[in-house]
Amino acid sequence: MSLRWSEKNRSVSPPWVRHTASAFQLTSLSTPIEPPSSAGRPSLRAGPATLECGYRRRVQHSADLVALPADGRLVRTSRAVRLGDVAPDRRMRVDALLRVLQDVGDDDYRSTGLPNPDGWVARRIVLEVGRFPTFREALEVTTFCSGTGSRWAERRTSIVGDDGARVEAAALWVQVDTAGRPVRLDDAFLAVYGATAAGRTVGSRRTHDDPSPDAAGVPFTPRFVDLDPLGHMNNAAQAAALEEVLAPDGLAAPVRVELEYRRPAAPSSDLRVVIDRPAEGAVDVWLCTGADVATSVRVRRGVPVVQSSV
């Protein structure tokens, strides 16, 4: 199998651009809303741990999807599932879900008036899907900052559909300057987003393994429409590649999808996709450029998905 693209290599970006990966911002159209009372706050669970906002601990990865906060900036907007968002089975694709996260988060950040709205680079995205949204379903999207590090922040997003869709997400974003260097979160950022983070510290260390050194992989060439202004595949387009390689298996809920972005996926002659199925219901995918991993994806079917009401 060959995943194809009709373009030759695009222009090569300067080193600092290559270092920062895709300029995929987590966006959010934002009307701040009043959070629920603590008595009505749902308990969100991912795996064995249950976290309430304000529980301070060092988190090395986004295994924990925290609950809606009782205080702070909580933003809600609506979306509809359009024809261009769905697979032949009418299920909303993973790349379309990532675009929702991107747009809702970006709109939220820009509405605050904080500086450097384009200076955020995705490091990690976790999706837990209880039920995929379907064609024409109306979605309510709620987002907030759920944790911070010295130079990065985590954004939680909850998607609920009027036909039963349920998607919970956590995305880690690193703030960078115009030279691509990580910069510290300042007091202005914390004044806006610190209340919902509630002192929760998140780590940026990657957790996915590398593929086997002898893994051959499948040649992959992105399309021109997959590229962002920096000449790299944007993060949502990389999720479209995931949909492509998993099409024979089908992607059904409940499922947990983790994406870790290590370096830009720039068009090249040696771009390839490596696939491993370590267990029943488990698929690992790597998008590689030569010997380097650009993006890794971990898919686990049947994982208990967060139950909440937003």
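Residue numbers (the working numbering): -9 to 300.
Each residue gets a CB set at the ideal place from its N, CA and C atoms; glycine is no exception.
Here the structure is a predicted model, which is why all the values come from computation and not from measurement.
- Scanning P209, L232, P254 and Y251 for the CA closest to the CA of D260 turns up P209.
- The count of Cβ pairs closer than 8 angstroms, one atom from the stretch 125 to 139 and one from the stretch 250 to 258, stays below three, leaving the stretches out of contact.
- For D75, the number of other beta carbons within 10 angstroms of its own is at least 16, and it is reported as buried.
- In this structure, the alpha-carbon of I115 lies about 6 angstroms from that of E248.
- With respect to the C-alpha of R213, the residue from G207, P201, D204 and A226 having the closest C-alpha is A226.
- Taken in chain order, the unbroken stretches of beta strand (DSSP E) that lie wholly in the stretch 156 to 196 and span 3 residues or more are 156 to 165.
- If you check the CB distance, E144 and V192 come in under 9 angstroms.
- In the DSSP assignment, V94 falls within the alpha helix (DSSP H) that extends over V84 to S101.
- Ranking D152, P244, R252 and D282 by CA distance to the CA of V289 puts P244 first.
- DSSP places E233 within a helical segment (H, G or I) once states are collapsed to three.
- Residue state for G120 is assigned as strand, using DSSP reduced to three classes.
- Counting along the chain, the unbroken beta strand (DSSP E) around R146 starts and ends at W142 to G151.
- Within its own chain, the residues whose Cβ lies closer than 8 angstroms to the Cβ of L104, once the five positions on either side in sequence are excluded, are A178, F179 and V182, listed in chain order.
- Non-local C-beta neighbours of F125 in its own chain, meaning closer than 6 angstroms and more than five positions away in sequence, comprise V71, V76 and R80, ordered along the chain.
- Secondary structure note for E250: its beta strand (DSSP E) is the uninterrupted segment V245 to Y251.
- G74 sits in a helix when the DSSP states are folded into three classes.
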